[in-house]
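Per the working numbering, residue 195 is the first one in the sequence shown, and the count goes up by one each step.
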Amino acid sequence: MKLFEHKPFDPRAVMGFGILNGTSIGLLNLSLGFNSVGFYQMTKLAIIPFTVLLETIFFRKKFRQVIHNIDRMYNFSVLKLHYQFVHSRNIQLSLGVLLLGVGIATVTDLQLNVLGSVLSLLAVFTTCVAQIMTNTIQKKFKVSSTQLLYQSCPYQAITLFITGPFVDWLLTNQNVFAFKYTPHVLAFIVLSCMISVSVNFSTFLVIGKTSPVTYQVLGHLKTCLVLGFGYVLLRNPFSWRNLLGILIAVVGMVIYSYFCTLESQQKASEASAQLSQVKESESDPLMSVENGASILSDGVATKAPVWSSNKDLEA
Numbered sequence: 195m196k197l198f199e200h201k202p203f204d205p206r207a208v209m210g211f212g213i214l215n216g217t218s219i220g221l222l223n224l225s226l227g228f229n230s231v232g233f234y235q236m237t238k239l240a241i242i243p244f245t246v247l248l249e250t251i252f253f254r255k256k257f258r259q260v261i262h263n264i265d266r267m268y269n270f271s272v273l274k275l276h277y278q279f280v281h282s283r284n285i286q287l288s289l290g291v292l293l294l295g296v297g298i299a300t301v302t303d304l305q306l307n308v309l310g311s312v313l314s315l316l317a318v319f320t321t322c323v324a325q326i327m328t329n330t331i332q333k334k335f336k337v338s339s340t341q342l343l344y345q346s347c348p349y350q351a352i353t354l355f356i357t358g359p360f361v362d363w364l365l366t367n368q369n370v371f372a373f374k375y376t377p378h379v380l381a382f383i384v385l386s387c388m389i390s391v392s393v394n395f396s397t398f399l400v401i402g403k404t405s406p407v408t409y410q411v412l413g414h415l416k417t418c419l420v421l422g423f424g425y426v427l428l429r430n431p432f433s434w435r436n437l438l439g440i441l442i443a444v445v446g447m448v449i450y451s452y453f454c455t456l457e458s459q460q461k462a463s464e465a466s467a468q469l470s471q472v473k474e475s476e477s478d479p480l481m482s483v484e485n486g487a488s489i490l491s492d493g494v495a496t497k498a499p500v501w502s503s504n505k506d507l508e509a
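Rendered as structure tokens:
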């Protein structure tokens, strides 16, 4: 099936991505350890707006430069495509509704401390950058999610293997290698590793096919489903606040899906229209060329196209 076929590309990008991913996982676990569950949920809620902020700042600048180059090359304006890398206001509002609902359903106690807050900020930053890189690397180097996972996992594993035991010893004053590993414990460790691989595979696949923001929306949908199934199957305590939050979150997800679909259709139609305009401008025989042919007039012969030596400097 060639799911994990090796495809060589920039090794520095793979190494940096793997180390950043491992660091993100470690910081999220440390954030949960040093903060209350409520504050940790707030940390997870902060990932979406921070991701939108980073994508808006960096991708808008990049796309504006592309627009400027195309405009100079073909002498027509494509500024109306500026929203291609910028989340529309409607999508931002729908994400606000979603975050409000999840916050109402999950956030209970908020106990703040300096170290926990710093770790949470670092966890949010590294997670956002890692998820954005997951999407951009796959598109830039034209690799699949499994190919990226296959090449970045060794760096991620080495990062966690080196830092994990040291941090664990620093916090608990116990050596993880001195623990007595019974067959029962080893079986659960192997099961946990298999689940982690599945989670990583689905994460890379979803982010590569959609976007980091959509992946976070799915993550909050998972949270709502966990609360709902916990009440239905396990009879966990369920209050009106949980129910209200889940309903608001579902409304936000529906609105988000609607505007994402609408925006994708607009992008496709605009891109096809601009492409056809470019092809027409390139194939139009009446287009004047710089210092080139003049249009036929009364008894005046056409002038052959002349190469301008300054064209590359002016472009």
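Glycine included, every Cβ here is placed at the ideal spot set by N, Cα and C.
Would residue 465 be called buried (16 or more neighbouring beta carbons within 10 Å of its own) or exposed?
exposed
On the DSSP letters alone, give me the boundaries of the alpha helix (DSSP H) that residue 416 sits inside.
406 to 428
I need the straight-line Cα distance from residue 230 to residue 399, nearest angstrom please.
31 Å
Helix, strand or coil for residue 394, going by three-state DSSP, please let me know.
helix
Does the Cβ-Cβ distance between residue 233 and residue 316 come in under 8 Å?
Their beta carbons are not under 8 Å apart, which means residue 233 does not touch residue 316 by this criterion.
Below 6 Å CB to CB, which residues in the same chain sit around residue 235 once its five sequence neighbours on both sides are set aside?
300, 301
Looking only at its own chain, which residues have a Cβ that is under 7 Å from the Cβ of residue 226, when we skip the five neighbours before and after it?
234
Using the three-state DSSP reduction, which class does residue 204 fall into: helix, strand or coil?
Coil at residue 204, not helix or strand.
Going by DSSP in three states, residue 344 sits in which element: helix, strand or coil?
helix
Which word fits residue 388, buried or exposed, when buried means at least 16 other C-beta atoms lie within 10 angstroms of its C-beta?
Residue 388 comes out exposed.
How many angstroms separate the CA atom of residue 366 from the CA atom of residue 375?
18 Å
Can you give the beta carbon distance from residue 341 to residue 201, rounded, assuming they're within the 8 Å contact cut?
Confirmed, about 5 Å.
Taking Cβ to Cβ, would you say residue 325 is nearer than 8 Å to residue 245?
yes
Here's a check: name, in chain order, each residue in its chain whose Cβ is nearer than 8 Å to the Cβ of residue 359, leaving out the five neighbours to either side.
In chain order, 369, 370, 371 place their CB closer than 8 Å to the CB of residue 359, counting only its own chain and leaving out the 5 sequence neighbours on each side.
So, is residue 329 buried or exposed, given that buried needs 16 or more other C-beta atoms within 10 angstroms?
Residue 329 comes out buried.
Please give the ranges of any alpha helix (DSSP H) in the segment 211 to 252, keeping only runs that are unbroken, at least 4 residues long and fully inside the region.
The alpha helix (DSSP H) runs lying completely inside the segment 211 to 252 and spanning 4 residues or more are 231 to 239, given in chain order.
Hey, how far is the Cα of residue 422 from the Cα of residue 415?
11 Å
Which residue's Cα is closest to the Cα of residue 327: 288, 357, 213, 383?
213
Between which two residues does the alpha helix (DSSP H) carrying residue 299 extend?
283 to 300
Hey, how far is the Cα of residue 467 from the Cα of residue 320?
38 Å
Since residue 333 is in the alpha helix (DSSP H), which residue starts that stretch and which ends it?
308 to 334
Helix, strand or coil: how does DSSP classify residue 450 here?
helix
Which whole-angstrom value is the C-beta distance of residue 242 and residue 293, which I expect to be below 8 Å?
6 Å
When DSSP labels each residue in this structure, what does residue 376 get in the three-state scheme?
coil
Where does residue 337 fall in DSSP's three states?
coil
Tell me whether the beta-carbon of residue 442 lies closer than 8 Å to the beta-carbon of residue 295.
The Cβ atoms of residue 442 and residue 295 lie closer than 8 Å to each other.
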